[in-house]
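Participant: Below are the structure tokens for one structure; questions will follow.
Protein chains: 2
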Amino acid sequence: MTRPVGILGAGLIGRAWAIVFARAGIDVHLHDAADEALERARDAIATSLDDLHQAGLIEDPERAMSRIRYDSDLASAMAGVGYVQECGPEDVETKRRIYSDLEAVVAKDTVLASSTSGIAASRFTDHLHHPGRCLVAHPVNPPYLIPLVEVVPAPATGQAAVASTMALMEQARQTPILVNKEVPGFVLNRLQGALLNEALRLFADGVCSAEDLDKTVKHGLGLRWSFMGPFETIDLNAPDGVVDYGNRYGPLYRDVDRERGDDDPWQTTTLAALDQQRRQQLPAQRLGERQAWRDRRLMALIAHQQSLTND
Amino acid sequence: MTRPVGILGAGLIGRAWAIVFARAGIDVHLHDAADEALERARDAIATSLDDLHQAGLIEDPERAMSRIRYDSDLASAMAGVGYVQECGPEDVETKRRIYSDLEAVVAKDTVLASSTSGIAASRFTDHLHHPGRCLVAHPVNPPYLIPLVEVVPAPATGQAAVASTMALMEQARQTPILVNKEVPGFVLNRLQGALLNEALRLFADGVCSAEDLDKTVKHGLGLRWSFMGPFETIDLNAPDGVVDYGNRYGPLYRDVDRERGDDDPWQTTTLAALDQQRRQQLPAQRLGERQAWRDRRLMALIAHQQSLTND
Chain A
14 MTRPVGILGA
24 GLIGRAWAIV
34 FARAGIDVHL
44 HDAADEALER
54 ARDAIATSLD
64 DLHQAGLIED
74 PERAMSRIRY
84 DSDLASAMAG
94 VGYVQECGPE
104 DVETKRRIYS
114 DLEAVVAKDT
124 VLASSTSGIA
134 ASRFTDHLHH
144 PGRCLVAHPV
154 NPPYLIPLVE
164 VVPAPATGQA
174 AVASTMALME
184 QARQTPILVN
194 KEVPGFVLNR
204 LQGALLNEAL
214 RLFADGVCSA
224 EDLDKTVKHG
234 LGLRWSFMGP
244 FETIDLNAPD
254 GVVDYGNRYG
264 PLYRDVDRER
274 GDDDPWQTTT
284 LAALDQQRRQ
294 QLPAQRLGER
304 QAWRDRRLMA
314 LIAHQQSLTN
324 D
Chain B
14 MTRPVGILGA
24 GLIGRAWAIV
34 FARAGIDVHL
44 HDAADEALER
54 ARDAIATSLD
64 DLHQAGLIED
74 PERAMSRIRY
84 DSDLASAMAG
94 VGYVQECGPE
104 DVETKRRIYS
114 DLEAVVAKDT
124 VLASSTSGIA
134 ASRFTDHLHH
144 PGRCLVAHPV
154 NPPYLIPLVE
164 VVPAPATGQA
174 AVASTMALME
184 QARQTPILVN
194 KEVPGFVLNR
204 LQGALLNEAL
214 RLFADGVCSA
224 EDLDKTVKHG
234 LGLRWSFMGP
244 FETIDLNAPD
254 GVVDYGNRYG
264 PLYRDVDRER
274 GDDDPWQTTT
284 LAALDQQRRQ
294 QLPAQRLGER
304 QAWRDRRLMA
314 LIAHQQSLTN
324 D
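If you read the sequences in order, they're chains A and B.
For the first sequence, counting from 1, position 13 maps to 26 in the numbering used here; every step adds exactly one.
For the second sequence, counting from 1, position 161 maps to 174 in the numbering used here; every step adds exactly one.
Here you go:
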């Protein structure tokens, strides 16, 4: 019997986490100090569960819905929970206050996990009586479609909190990875950033249009990366595996790395030029429609993957 | 009426190109000086066409097969072709000889395109009488499943050769992109290299296991990248598009880029450690079986994408 999961914050991420846990049969106590936020969350969750049902990704949306309790009182919301997924604002001082408040109301062994995408847990938990049960569990948006969760312990985090978070994520059908050090950007955004930085440099240098850079990934690299990682990809791309691959292509990648400029990829002029090309491909007023398309494509892809033998 | 396409070299890439063009209804003259290579190619092409048929990716494999002519004589193979896809060895001197030989037998307006993954066309065509019809058309392996083709003109390449190559690739249902400068690694491998370099550094620094780095891409970044590029992804990930995204996350990526070490990601010790983890996940004797799995997954993914409304 899994104890209920508490979620602090009923914004976009908090609502998505509620779906993740409820879908996996776990009771959810969703807390937000604002009653209106909880009401909006209830509607948004119902809509998302309906979308998932229509895409064949959840069998019984009503049952999942019934597992979510909405509570604007922190103490009663967090009573009896074994794990809290904090989805508060991305601000160190605010988080420090939130964790003090949480520590005052949860059981001594309750794990406190933050959804933060960029702030190390040590920065907002070092003032607590029991910082050993705190860590980061960073999702990708929306976590009910993209399963990766970065579990990032602080130096003070105990092994038990790490182990139970990894286990809970597996139970919730997510894919947790363990990030052993509190590096800036964790792992997913460092990998994304490396590719974006290079793409922006190629664009700024006039090597390729924005559209062609997107095509390179979606009709080239991204196909295999959607079911294999980059290491498995290169391991299978040389007759004798990764070392063989490194001998063949390492020199090229090393040269590319060395001769790469030190100019800032995120310059205002570069972003303005990128924006101009993007707005030609997609006018600003159609961004929302295209986001809905993206979500449908993502659901269709997940349904496709689930239809295959799980290997 | 498209003139036949000549393919020089009946190895892995030459055979795959033959499938691409024949599948699109274009006659193919496949040349290799070695008769045994042509015989092996015929068998391999028949097998691949059969696999594609079983995956629902080609309707009439016999018809495609019948469009491919095998010819070990260069002059008769290249008679009447409007375009040559060169798939010779990755060696500058060898390619220079090949292009001299080709120039002697093809029509004056025949485009000569190289499949090279790393050598700029200017390096093996500057001695020709008509270098203006030469360029690189670099495929991803196998091109009949992964449609991206990098079209990379040399400074001497004429606009007509670029335009007709782009048009031929579209006709062959590939996705050509235009690379405006002969940069090392072209575009696809520069993007792949940027991500690999960062992944290897995170692995070497003990931040993450090889398996968890692969999971980060296949259960995280790679899902959206398989149907959207990185720029479209960030454009849709902030309320007001790419500039808004840059204001929010640019500082993080800029910092990651600046504090990134200058150590060589492709060190022997790193590759040996990576190999050890990979061989625990997949013993060397199962590499072939896993490659077959990869090809099945790729075919299933392409069939899934084709089943969706083309948007």
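We treat Cβ as the ideally placed atom computed from N, Cα and C, and that holds for glycine.
All figures in this text were calculated on a predicted structure; none of them were measured in a lab.
In this structure, does DSSP put Tyr-83(A) in helix, strand or coil?
Facilitator: strand
Participant: In or out: Ala-88(A) buried (at least 16 other Cβ within 10 Å) or exposed?
Facilitator: exposed
Participant: Is Val-41(A) close to chain B? Criterion is C-beta to C-beta, closer than 8 Å.
Facilitator: no
Participant: Between the C-alpha atoms of Leu-330(A) and Asp-104(B), what's the straight-line distance to the nearest angstrom?
Facilitator: Look at the range of chain A in this structure, 14 to 324, and you will see that residue 330(A) is not part of it.
Participant: Is there a Cβ of chain B sitting closer than 8 Å to that of Tyr-266(A), yes or no?
Facilitator: yes
Participant: I'd like the list of long-range same chain contacts for Trp-178(A), defined as Cβ closer than 8 Å, with 5 residues on each side in sequence excluded.
Facilitator: In the sequence as presented, Trp is not what sits at residue 178(A); that position holds Thr. Correct list, in chain order: Tyr-96, Val-124, Ala-126, Leu-148, Ala-150, Val-164 and Pro-189.
Participant: Within the segment 103-142 of chain B, note down every full alpha helix (DSSP H) run reaching 4 residues or more, in order along the chain.
Facilitator: Given a length threshold of 4 residues, each whole run of the alpha helix (DSSP H) inside the segment 103-142 of chain B is given here in chain order: 105-118 and 135-138.
Participant: Would you say Leu-21(A) and Leu-115(A) are within 8 Å of each other, going by their C-beta atoms?
Facilitator: Yes. Within cutoff.
Participant: Can you tell me which of the three DSSP states Ala-29(A) falls into?
Facilitator: helix
Participant: Please compile the residues from chain B whose C-beta is within a distance smaller than 7 Å of the C-beta of Thr-188(A).
Facilitator: Lys-228 and His-232
Participant: Check distances from the C-beta atoms of the segment 134-158 of chain B to those of chain C and list, in chain order, the residues that come in under 9 Å.
Facilitator: The question asks about chain C, but that chain is absent: this structure's protein chains are A and B.
Participant: So which residues on chain A does Ala-313(B) lean against when the C-beta distance must stay under 8 Å?
Facilitator: His-317 and Leu-321
Participant: Counting C-beta neighbours from all protein chains within 10 Å, is the total for Lys-121(A) 16 or more, i.e. buried, or is it exposed?
Facilitator: exposed
Participant: Given a cut-off of 8 Å on the beta-carbon distance, is the pair Phe-328(A) and Val-255(A) in contact?
Facilitator: It is not possible to answer for residue 328(A), since the shown part of chain A is limited to 14 through 324.
Participant: Residues in the segment 253-265 of chain B with C-beta within 7 Å of chain A's C-beta atoms, listed in sequence order?
Facilitator: Gly-254, Val-255, Val-256, Gly-259, Gly-263 and Leu-265
Participant: Report yes if the CB atom of Gly-242(B) is closer than 8 Å to the CB atom of Trp-279(A), and no otherwise.
Facilitator: no
Participant: If you draw a straight line from the C-alpha of His-140(A) to the C-alpha of Arg-109(A), how long is it?
Facilitator: 8 Å
Participant: Quick one: which residues of the segment 97-114 of chain A get their C-beta closer than 9 Å to a C-beta of chain B? List them in chain order.
Facilitator: none
Participant: Straight-line CA distance for Leu-213(B) to Phe-34(A)?
Facilitator: 33 Å
Participant: Under a Cβ-count criterion, where at least 16 other Cβ atoms within 10 Å of its own Cβ denotes burial, should Thr-283(A) be classed as buried or exposed?
Facilitator: buried
Participant: Check whether chain A comes within 8 Å of Lys-121(B), counting only Cβ atoms and requiring the distance to be less than that.
Facilitator: no
Participant: Please report whether the beta-carbon of Asp-270(B) lies at a distance below 8 Å from any beta-carbon of chain A.
Facilitator: yes
Participant: What does Val-33(A) reach in chain B if we use C-beta pairs closer than 7 Å?
Facilitator: By Cβ distance, chain B contributes nothing, its closest Cβ being about 14 Å from Val-33(A), past 7 Å.
Participant: For Pro-152(A), count neighbouring Cβ atoms within 10 angstroms of its own Cβ and tell me buried if that reaches 16, exposed if not.
Facilitator: buried
Participant: Does the beta-carbon distance from Gln-187(A) to Pro-160(A) come in below 8 Å?
Facilitator: yes
Participant: Hey, could you find the ends of the beta strand (DSSP E) Thr-188(B) is sitting in?
Facilitator: 188-191
Participant: Pull the bridge partners of Ile-20(B) from the DSSP assignment, please.
Facilitator: Leu-43(B) and Gln-98(B)
Participant: Whole alpha helix (DSSP H) runs in the segment 209-241 of chain B with 4 or more residues, listed along the chain?
Facilitator: 223-229 and 235-238
Participant: So with Cβ pairs under 8 Å, would you call Gly-235(A) a contact of chain B?
Facilitator: Taking Cβ atoms only, chain B reaches closer than 8 Å to Gly-235(A), which makes this a yes.
Participant: Between which two residues does the alpha helix (DSSP H) carrying Pro-252(B) extend?
Facilitator: No alpha helix (DSSP H) contains Pro-252(B), which DSSP labels as neither H nor E.
Participant: Just the C-alpha distance for Glu-99(A) and Asp-86(A), rounded to the nearest angstrom, thanks.
Facilitator: 15 Å
Participant: Since Val-18(A) and Ile-39(A) should fall inside the 8 Å C-beta cutoff, what is the C-beta to C-beta distance between them, to a whole number of angstroms?
Facilitator: 6 Å
Participant: Using beta-carbon positions only, say whether Leu-201(B) and Leu-204(A) come within less than 8 Å of one another.
Facilitator: no
Participant: Nearest to Val-196(A) by CA position, among Ala-133(A), Asp-308(A), Glu-75(A) and Leu-236(A), is which residue?
Facilitator: Ala-133(A)
Participant: Give the residues of chain A in contact with Asp-64(B), contact being defined as C-beta atoms less than 8 Å apart.
Facilitator: What Asp-64(B) touches in chain A: nothing, since even the nearest Cβ is about 16 Å away.
Participant: What is the DSSP secondary structure of Leu-295(A), counted as helix, strand or coil?
Facilitator: coil
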